[in-house]
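All remarks here apply to the structure that follows.
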Amino acid sequence: MFIMNTLITHKKDGIGWIQFHRPAVRNAVNQEMMAELEHVITEWEQDETLQVVVLYGDEKAFVSGGDVEAFHQIHTKEEIYPVMKRMGDLLQRISELKCITIAAVEGIAVGGGCEIVTSCDFCLASKKAKLGMIQSRIAITTGWGGASRLMNKIGKPNALKMLITGEVIDVERAKEMQLVDEVIESSHFLEKVKVFAQQFVLPSPMIGRAYKEVALALEQGTPLSAFAKIEAINCADCWEAEEHVQAVERFLAKRNKVD
Ligand SMILES: CCC(=O)SCCNC(=O)CCNC(=O)[C@H](O)C(C)(C)COP(=O)(O)OP(=O)(O)OC[C@H]1O[C@@H](n2cnc3c(N)ncnc32)[C@H](O)[C@@H]1OP(=O)(O)O
């Protein structure tokens, strides 16, 4: 376990865990948290053993957005722009991680906290969770790329409504809109998140990475005609791996049926 000032991280059995940890301010993001998150992501981008990364907070909050008090000390657009862009770039890097990413939300995920949620592949939320793009309530817009990602996830009408009204929605509504993928009982929340995450940890890490590459390429507008080549390369890359050879030999030896 690695304890920083604003984050607690650990890696085990192919899963990396990042806990937002500023409980006194409901895990609000300040510049120190941005720097620590950049540090972790820079290291984990290179780690090919990681098959899943889980971002989480605590029972009260996933993340309450940007640190309103700290950012209020910044007055000009020239000064605030690089701060917003820095976090937007970081969320883009999270969305482009080669492993599966999961936002595990207990309590509140609002403002920039909801932007972080949209940068992950999956959102698991406890029954008590609430989510909202509440930036408009303090008369600003999303600054970390969350509006476009929200539109991609839940479609234009629902996204425009959430963004402009700043409404905070419960998990049932968030699941209907496909902002939340799974609703989880609050008790033993992280244990249940772990069980979900373990599904994506395979003997061959290449599989998850290959499908993530396809998902990212599709999102980035790669034409469908390009995927015959991309998927043939991915499959060929897996072909020589020991896991594939052994799995086929097991099948041929025992004539096992795939279940
Ligand atoms: C990137 C741009 C953005 O993210 S814009 C959106 C910024 N975020 C916000 O406006 C959310 C402000 N916070 C709230 O609405 C509430 O605190 C929420 C998150 C709903 C939690 O409510 P509740 O559980 O009742 O806690 P509380 O209000 O008593 O807060 C506890 C202490 O934490 C603080 N806190 C909370 N959120 C932030 C924040 N984003 N930035 C800075 N401080 C925050 C509260 O001020 C409170 O502090 P204190 O204990 O009164 O000293």
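Residues in the sequence shown are numbered from 23 upward in steps of one, following my numbering.
Ideal Cβ placement from N, Cα and C applies to all residues, glycine included.
Length-filtered (4 minimum) alpha helix (DSSP H) runs lying within the region 189–257: 193–198, 211–220 and 228–241
Enclosing alpha helix (DSSP H) for residue 153 [first to last residue]: Note, residue 153: premise wrong, no alpha helix (DSSP H); beta strand (DSSP E) at 152–154.
Quick check on residue 12: does DSSP put it in helix, strand or coil? Within the shown structure, residues of the chain are numbered from 23 to 281, placing residue 12 beyond reach of any answer.
If we count the other Cβ atoms within 10 Å of its Cβ and call it buried at 16 or more, is residue 137 buried or exposed? buried
What is the DSSP secondary structure of residue 269, counted as helix, strand or coil? helix
Backbone secondary structure at residue 181 - three-state DSSP: helix
Closest to residue 174 by C-alpha separation, out of 148, 143 and 235, would be which residue? 143
Where DSSP assigns a beta bridge to residue 53, which residues make up the other side? The partner list for residue 53 (beta bridge, DSSP) is empty, contrary to what the question assumes.
Would you mind listing the beta strand (DSSP E) stretches within the region 105–131 that are 3+ residues and don't spill past its ends, in chain order? 122–127
Burial state of residue 171, where buried means 16 or more other Cβ atoms lie within 10 Å: buried
Classify residue 163 as buried or exposed, calling it buried when 16 or more other Cβ atoms lie within 10 Å of its own Cβ. exposed
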